[in-house]
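Asks:
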Amino acid sequence: MANEEVEAVPMEPLSPITQLLNVPSLFIVITFGVKTKCNPSAIVEGIKNTLIKAPHFSCKQVVDSKTKGELVWIPVNVLVEDHVVVPDLDYPNIENPDQFIEDYSSSMANTPMDMSKPLWEFHILNIKTSNAESVFMAKIHHAIGDGTSLVSLLLACARKTSDPDALISTTTTTTKPIGSTTSAWWLVAMFWFMIRVTFITFVEVLLSLLTICFLRDTKNPLTVNPNSVRSWKVIHRTICFDDVKFVKNAMNMKVNDVLIGMTQAGLSKYLSTKYDGYTVAQKKRILEKIRIRGAVAVNLRPATKIEDLANMMAKGSKCRWGNFVGAIIFPLWIKSENDPLKYLRRAKAMMDRKKVSLEAFIFYGIMKYTLKILGGKAVQAIGNRIFGHTTMTISNVKGPDEEISVFGHPISYIAGSSFIGSQAVIIHFVSYINMMVINLSVDTTTIPDPYQLCDDIVESLEIFKSTIQEKGFHKTEV
1 MANEEVEAVP MEPLSPITQL LNVPSLFIVI TFGVKTKCNP SAIVEGIKNT LIKAPHFSCK
61 QVVDSKTKGE LVWIPVNVLV EDHVVVPDLD YPNIENPDQF IEDYSSSMAN TPMDMSKPLW
121 EFHILNIKTS NAESVFMAKI HHAIGDGTSL VSLLLACARK TSDPDALIST TTTTTKPIGS
181 TTSAWWLVAM FWFMIRVTFI TFVEVLLSLL TICFLRDTKN PLTVNPNSVR SWKVIHRTIC
241 FDDVKFVKNA MNMKVNDVLI GMTQAGLSKY LSTKYDGYTV AQKKRILEKI RIRGAVAVNL
301 RPATKIEDLA NMMAKGSKCR WGNFVGAIIF PLWIKSENDP LKYLRRAKAM MDRKKVSLEA
361 FIFYGIMKYT LKILGGKAVQ AIGNRIFGHT TMTISNVKGP DEEISVFGHP ISYIAGSSFI
421 GSQAVIIHFV SYINMMVINL SVDTTTIPDP YQLCDDIVES LEIFKSTIQE KGFHKTEV
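If you're matching positions, the sequence shown starts at 1 in the UniProt record's numbering and goes up one per residue.
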């Protein structure tokens, strides 16, 4: 590389999860809608002052002959301008800007990363859409970090719109102290909890191992054809986050429970349309026999403050960074239900079970020791089986609760898509202020009508809301 020269510094080995994700086609695309026209010079300068100082943004991967050909990170001198793309477009003749942004995102998704240089790039498009004056997109390989760490890092580059010098706020959770008068009952509850954790973890880990070995999802309209040439289509829809909170409060559950419930209801409706030639009873029997599971990434690091990430870039301080995630396999409730709220109840029941399990930590441990004993290719083989034997990937990232600016650009919305594994459906939910963006990435050779699938997921939230209002048991958020 002409502008990137290797420095004489120690090499850093790839982590277990980085080895798992170290494929040119596995990366994240984060889209920022901007309220003003983009200033490329300001974005370049912002990257130089922040991201370029973060681990692995100024590194590339090379083969270390001392470790039997394993890949390692090695620092290089980076010319930021070479990683910022400003396409020369005929803006006045673009008839449908929203469609153009979708097509541009899809083109990025179908273009593998160049693994011979630092694995990131920014694309700036000064095109006005229905909800932004311009757009810039960050394309970052999964080897640099998992979705949670990368979004958090980009938010650490942001500042409050109301106070351009202030970092965005972060929330922390606190636990209530247990009184001494309840200590006896606390010991009994703790003993019972440990029994539950042990039993549930054993069952979930066993199912994960069976999945790695041979347990596949049922063949269904969402199953990838292994002989087809994959073609990604990226779309997103914006819903009101307050509607999600309304359902959450009414059903006494978490936001993740609502999002999983929406996914289950939307998928059930979409799949039922694929069997229109059957009777209602036949459709119901078919859906009951379908086994569809989602691979869900779980953040294993302790809560990382935005201030810690900002200090890491500004002062080179230490911070838990990179790929530190486990994975769980989440069975989805695909049924024809007369009561739509059952999708929510089933989602909450399964989420509560998964929260007790240590499945994600054990998965990370399996990857770690597989890498030590058998090497990176064995880790990738396990990953191929996990994603090849399940149907989809689901994730949720909580964004800022207040308006922000990134590199001096006020943000109107944030969307994100991750391209991973050999699945045909990837769903990501990203919140920002009072909006929630549903990001849907599909393989169009398997799912030629992604808009219908996205509509079914969005419509499920409206059905939940109207059903709750009809039954009249919602409660007001305090």
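All C-beta atoms in this analysis are idealised placements derived from N, C-alpha and C, irrespective of residue type, glycine included.
By Cβ distance below 7 angstroms, which residues in the same chain neighbour Y104 in space, the five residues on each side in sequence not counted?
Replies: Once the five neighbours on either side are set aside, the close Cβ partners of Y104 are L125.
Asks: Using a Cβ distance threshold of 8 angstroms, determine whether the region 219-229 contacts the region 418-428, with at least three qualifying pairs required.
Replies: With the cut-off at 8 angstroms, the region 219-229 and the region 418-428 touch.
Asks: So the candidates are I101, V78, I94, K60; which of them puts its Cα closest to the Cα of V29?
Replies: When each option's Cα is compared against that of V29, the closest is I101.
Asks: Excluding the 5 residues flanking Q19 on each side, which residues of the same chain have their C-beta closer than 7 angstroms to its C-beta?
Replies: L371, G376, V379, Q380.
Asks: Mind reading off the beta-carbon distance from A109 to W232? Whole number of angstroms is fine, and I expect it under 8 angstroms.
Replies: Yes, they are in contact, since the Cβ atoms of A109 and W232 sit about 4 angstroms apart, within 8 angstroms.
Asks: Between the beta-carbon of S460 and the beta-carbon of G266, is there less than 8 angstroms?
Replies: Yes.
Asks: What would DSSP say about H83, mapped onto helix, strand or coil?
Replies: Helix, per DSSP.
Asks: Are the region 148-168 and the region 394-408 touching by the rule of at least three beta carbon pairs closer than 8 angstroms?
Replies: Yes, the region 148-168 touches the region 394-408.
Asks: Here's the rule I'm using: 16 or more other beta-carbon atoms within 10 Å means buried, otherwise exposed. How should T148 be labelled?
Replies: Buried, by the Cβ-count rule.
Asks: Among Y270, V86, V244, which one has its Cα closest to the Cα of D455?
Replies: Among Y270, V86, V244, the Cα nearest to that of D455 is on Y270.
Asks: Residues in its own chain within less than 6 angstroms of F363 by CB, not counting five upstream and five downstream?
Replies: Result list for F363: G326, A327, in chain order.
Asks: Counting only the same chain and skipping the five closest in sequence on each side, list residues whose C-beta sits under 6 angstroms from that of S357.
Replies: Within the same chain, S357 has close Cβ partners I200, T201, E204.
Asks: Cutting at 6 angstroms between CB atoms, please list the residues of its own chain near residue 502, excluding the five before and the five after it.
Replies: This structure does not reach residue 502, given that the chain is present from 1 up to 478, and the question cannot be answered.
Asks: If distances are taken between C-alpha atoms only, which option among K465, P40, F136, S431 comes closest to L341?
Replies: Among K465, P40, F136, S431, the Cα nearest to that of L341 is on K465.
Asks: Go through the UniProt domain "O-acyltransferase WSD1 C-terminal" (321-463) residue by residue and report every complete run of the alpha helix (DSSP H) that reaches 4 residues or more, in order.
Replies: Listed in chain order, they are 341-356, 359-374, 376-388.
Asks: Taking its Cβ as the centre, do 16 or more other Cβ atoms sit within 10 Å of W120, making it buried, or is it exposed?
Replies: Flag for W120 reads buried.
Asks: Go ahead and label residue 486 buried or exposed: buried means 16 or more other beta carbons lie within 10 angstroms of its beta carbon, across all protein chains shown.
Replies: This structure gives no information on residue 486, because the portion of the chain shown stretches from 1 to 478.
Asks: Below 8 angstroms on the Cβ atoms is my contact criterion, and I expect M137 with F27 to pass it. Report the Cβ-Cβ distance as a whole number of Å.
Replies: So it is not a contact: roughly 11 angstroms between Cβ atoms.
Asks: Rounding to the nearest angstrom, what Cα-Cα distance links S106 and S130 in this structure?
Replies: Going by the C-alpha atoms only, they are around 19 angstroms apart.
Asks: Taking the CB atoms as reference points, tell me whether I386 and L332 lie closer together than 8 angstroms.
Replies: Not a contact, by the Cβ cut-off of 8 angstroms.
Asks: Where do the N-terminal and C-terminal ends of the alpha helix (DSSP H) with R285 fall, by residue?
Replies: Per DSSP, R285 belongs to the alpha helix (DSSP H) from 280-289.
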